[in-house]
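For reference, the structure is listed below as structure tokens.
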Amino acid sequence: MLVLLLTGWSAAYGEDGSRLWLRLEAAHNTATITGVKGTAMTELQTYWQGGPVVLKRQKGIARDGYTIKSQGGKIVIAAANDAGLLYGAYHLLRLQQCTTQNAQSIKDLDIKEQPAYDLRILNHWDNPNGTVERGFAGRSIFLNPDPERMKMYGRANASIGINGTVLNNVNAKPEALSSESLQKAKSIADQLRPYGIRVYLSINFASPIKVGGLKTADPLNPDVIHWWKDKVNEIYKLIPDFGGFLVKANSEGEPGPQDFGRTHADGANMLAKALQPHKGIVMWRAFVYAPQSPDRANQAYLEFMPLDGQFADNVIIQIKNGPVDFQPREPYSPLFTAMQKTPMMVEFQITQEYLGAANHLVYLAPMWKEFFSFVKPASLRAMAGVANIGDDTNWCGHHFAQANWYAFGRLAWNPELTSKEIAEEWLKLTFSTLDTLNSQLLSVMLDSREACVSYMMPLGIHHIFAGSHHYGPEPWYNPRGVRADWTPPYYHRADSVGLGFDRTMQGSGNVRQYPDELCRLYNDINTCPENLLAWFHHVPWDHRMKSGRTFWDELCHKYDDGVHEARHFLAVWDAMQPYVDSQRFDEVQHKLRIQARDAEWWRDACLLYFQTFSHRPIPQDMEHPVHNLNEMMQFRIPITMYENPEYGYNK
Ligand code: GCV
């Protein structure tokens, strides 16, 4: 009966996803919220349906941390600062949303929380013209910031503990520092401040030339130093709590200190000195690689290790989780365990540049947890995530992509949370508290990343994407004149012997960048984890795998398993129709159908292409390709890097 009631209610109640996981109804409560005034109080007054709550400032609690205790018929939220009170308030509201009972029944609370990192930051790759690089959810929310949207953005981030946002693309236009842009940044900062969020900006290292009219941007030149100092002062006059700069320098054509014969440390420290009096920071990216390098995966380590210990205290080196570029699976970037004297932060990519954009359901927490199984959370200073947010009604393009924004925030608060805990919480908040729905969708979410690896790039294969976008497969893409490390054959190295990049001691030597134990493990084809085999080895087609199959047969089966999983996700969702409101049901179903078709496309394109090297049959005990290689090789998706493809393979 209850199920029917809930079912009828939820199916009739159309939802468009705009409320994210904060699907709270205004409370109309009589509860008294007393104590410290501010956003925490407003949120509780608006949404809390339980008994009296006291908000109290208390010394001795860590910055941004809080306690929530039931005391004498009241709930007391205590924190050292306003942000802590706000996080405590959202914790309470989360409990209310997750309980199947009345909020009045929430009692006997004794909660103590503090964040693992002081800096929990979103990186928007938003351009001044409103496009979003690798953005799959519409245009930039910062183009014409709508106050209601900004408020929701602030609430959503604060509810998961995110406390910083970089407003613009790391491929930064110099005009990011123009007076007009700074006024806009100020307006956004003013709107986000009540939610405990500081703004940061990406800067173009050549700004002194391009905005300031100087002849050089040499970080040791006195005029340049002066220019940056003035610019920083100008920013702090407008935004007194400005967070600092994010810098992509000497990478993919962006200017940097090396253009003037200086090092990354020279560049970062010069900016750090200008920011230091205001307590601002520099997040200096280690995403560097050069076309002449024999192995792109080696490059960041080679450039940054010699500088270990040379950075100013308010510089943090921001390193992508893997050594290449946000692939569906990479080993961790060896810089994380090698650099000992430099503050580091990890950069995850929430937007699914390489994992099916906003068309594929891929829950990323398992990928980030995998990273943390190698890199100790305590060895990092902060966490950054490349945002998947745009002006689409549902914010992220795919209803389930909201889970990745959510998971990023929750892990930046507490990297010890499990993927399952986070997914369970998100499902309850986002869909309903029906167990039937949650348990099945939970499995889909938890299996989705591995499924994506299987149908796209199993067994350590990487970067075999199309040349003009990173959505579909083009392992054959290799036109004349394109730099080698921007083509898939550079990475897969398929030939008549086998497949994969030899990064062993005999190959590029990349294994040496890892600690001894891992180096030995990865170096030996018989001990290297099979899920990274073709990352570290050129694997012979007949190499015997643990399953007893040859590498070729295993590869075929992995691809096919991925296809079946994607179809299974669709089947699970289809069965959810009675339990999910109609708009979200239809929209997710549409995406899952695309995903299932794309998985076939990936399997067929990759297997048929690699078969031209392996000359081995596709095993009889699996489904055989249904597409034609030549047709797939002719197929193009006419999208820019600012768009989500409407469909995948649709011939
Ligand atoms: C912002 C990859 C992406 C680029 C991105 C770059 C980076 O190469 O494809 O779009 O540029 O990473 O992280 O700087």
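By the numbering used here, the letter at position 153 of the sequence shown is numbered 139, and the numbering carries on one by one without gaps.
Ideal placement from N, C-alpha and C gives every residue a C-beta, glycine not left out.
All figures in this text were calculated on a predicted structure; none of them were measured in a lab.
Straight-line gap, residue i to residue j (C-alpha atoms, nearest Å)
| i | j | result |
| --- | --- | --- |
| Arg498 | Asn509 | 9 Å |
| Thr404 | Pro631 | 32 Å |
| Ala158 | Tyr635 | 33 Å |
| Ala557 | Gly21 | 50 Å |
| Glu333 | Ala373 | 11 Å |
| Phe322 | Phe358 | 11 Å |
| Val210 | Leu108 | 29 Å |
| Pro624 | Ser454 | 8 Å |
| Gln304 | Ala192 | 20 Å |
| Glu1 | Leu79 | 20 Å |
| Gly486 | Pro465 | 20 Å |
| Asp567 | Tyr222 | 46 Å |
| Val(-11) | Gly70 | Note on Val(-11): pLDDT 40, under 50, position unreliable in the model; no value is reported. |
| Ala298 | Gln492 | 37 Å |
| Arg553 | Arg579 | 8 Å |
| Glu573 | Gly3 | 10 Å |
| Leu519 | Pro317 | 11 Å |
| Leu6 | Tyr139 | 10 Å |
| Asn307 | Phe360 | 11 Å |
| Val199 | Ser165 | Reading off the sequence shown, one finds Gly at residue 199, where the question assumed Val. Their backbone Cα atoms lie some 15 Å apart in a straight line. |
| Ala(-2) | Met562 | Note that Ala(-2) scores 38 on pLDDT, short of 50, meaning its location in the model is unreliable; the coordinates nonetheless yield the value given after this. Distance between the alpha carbons of Ala(-2) and Met562: 14 Å. |
| Phe596 | Gln35 | 59 Å |
| Val310 | Gln244 | 21 Å |
| Ile408 | Pro363 | 17 Å |
| Thr626 | Pro459 | 16 Å |
| Gln278 | Pro114 | 32 Å |
| Ala13 | Glu617 | 57 Å |
| Tyr633 | Tyr545 | 20 Å |
| Tyr628 | Asp112 | 10 Å |
| Gly(-6) | Cys542 | Note that Gly(-6) scores a pLDDT of 38, beneath 50, so its modelled location is shaky; the value from the coordinates is reported in the next line. Straight-line Cα distance between these residues: approximately 44 Å. |
| Lys259 | Pro160 | 20 Å |
Nearest candidate by alpha-carbon position, reference residue i, set the options
| i | options | result |
| --- | --- | --- |
| Ile97 | Arg106, Tyr76, Gly182, Ser193 | Tyr76 |
| Asp650 | Arg248, Pro611, Glu503, Gln244 | The first residue shown for the chain is -13 and the last is 637, placing residue 650 beyond what the model contains. |
| Ala162 | Pro194, Ser568, Tyr318 | Pro194 |
| Ala123 | Cys382, Pro241, Pro133 | Cys382 |
| Gln388 | Gly74, Thr337, Lys362, Arg135 | Thr337 |
| Gly295 | Phe312, Met269, Lys327 | Lys327 |
| Asp539 | Pro605, Leu10, Asp132 | Pro605 |
| Thr48 | Asp252, Gln57, Ala66, Ile54 | For the sequence presented, residue 48 should be read as Ala rather than Thr. Among Asp252, Gln57, Ala66, Ile54, the Cα nearest to that of Ala48 belongs to Ala66. |
| Pro352 | Met431, Asp567, Lys196 | Met431 |
| Glu238 | Pro226, Ala272, Asp216, Lys215 | Ala272 |
| Phe394 | Leu129, Gly121, Asn143 | Asn143 |
| Tyr103 | Phe487, Leu366, Ala13 | Leu366 |
| Arg179 | Glu356, Asp560, Leu72 | Leu72 |
| Phe386 | His576, Met136, Ser494, Ser56 | His576 |
| Asp377 | Arg5, Gly37, Gln100, Arg135 | Arg135 |
| Leu10 | Gln83, Asp68, Met27, Gly58 | Gln83 |
| Asn424 | Trp462, His448, Lys406 | Lys406 |
| Leu428 | Val468, Val348, Trp587, Arg530 | Val348 |
| Met619 | His448, His523, Tyr463 | Tyr463 |
| Tyr181 | Ala203, Arg248, Leu153, Lys137 | Lys137 |
| His449 | Ala437, Pro475, Cys438 | Pro475 |
| Ser319 | Gln581, Tyr500, Glu551 | Tyr500 |
| Ile54 | Gly46, Ile19, Thr85, Glu99 | Glu99 |
Beta-carbon separation (whole angstroms), residue i vs residue j, contact threshold 8 Å
| i | j | result |
| --- | --- | --- |
| Arg106 | Gly150 | 7 Å |
| Val274 | Glu289 | 5 Å |
| Ile146 | Arg396 | 6 Å |
| Ser418 | Gly548 | Actually they do not touch by this definition, with Cβ atoms about 29 Å apart. |
| Met330 | Ala370 | No, Met330 and Ala370 are not in contact; Cβ-Cβ is about 11 Å, not under 8 Å. |
| Asn517 | Leu593 | Not really, about 18 Å apart at Cβ, beyond 8 Å. |
| Asp176 | Pro205 | The Cβ separation is near 31 Å, so there is no contact. |
| Phe522 | His529 | Between His529 and Phe522 the Cβ distance is about 13 Å, and since that is not below 8 Å, they are no contact. |
| Gly37 | Gln90 | 6 Å |
| Lys23 | Ser56 | In fact, because the Cβ distance is near 22 Å, the residues do not count as touching under 8 Å. |
Identity of the residues DSSP links to residue i by a beta bridge
| i | result |
| --- | --- |
| Glu166 | BP columns for Glu166 are empty, so no partner. |
| Asp96 | Lys55 |
| Met330 | Ile303 |
| Pro459 | Phe451 |
| Gln83 | According to DSSP, Gln83 bridges with nothing at all. |
| Ser600 | None, per the DSSP bridge assignment. |
| Ala65 | Arg43, Tyr52 |
Ligand 3 heavy atom lying under 7 Å from the CB of residue i
| i | result |
| --- | --- |
| Asp245 | Ligands in the displayed structure: ligand 1; ligand 3 is not one of them. |
**Prompt:** Touch check for the stretch 216 to 235 and the stretch 179 to 188: three-plus C-beta pairs under 8 Å?
**Reply:** yes
**Asked** Counting pairs of beta carbons, one from the stretch 54 to 71 and one from the stretch 25 to 44, are three or more of them closer than 8 Å?
**Response** yes
**Asked** Given 8 Å as the limit, is there contact between the stretch 337 to 351 and the stretch 455 to 464, that is, 3 or more CB pairs closer than that?
**Response** yes
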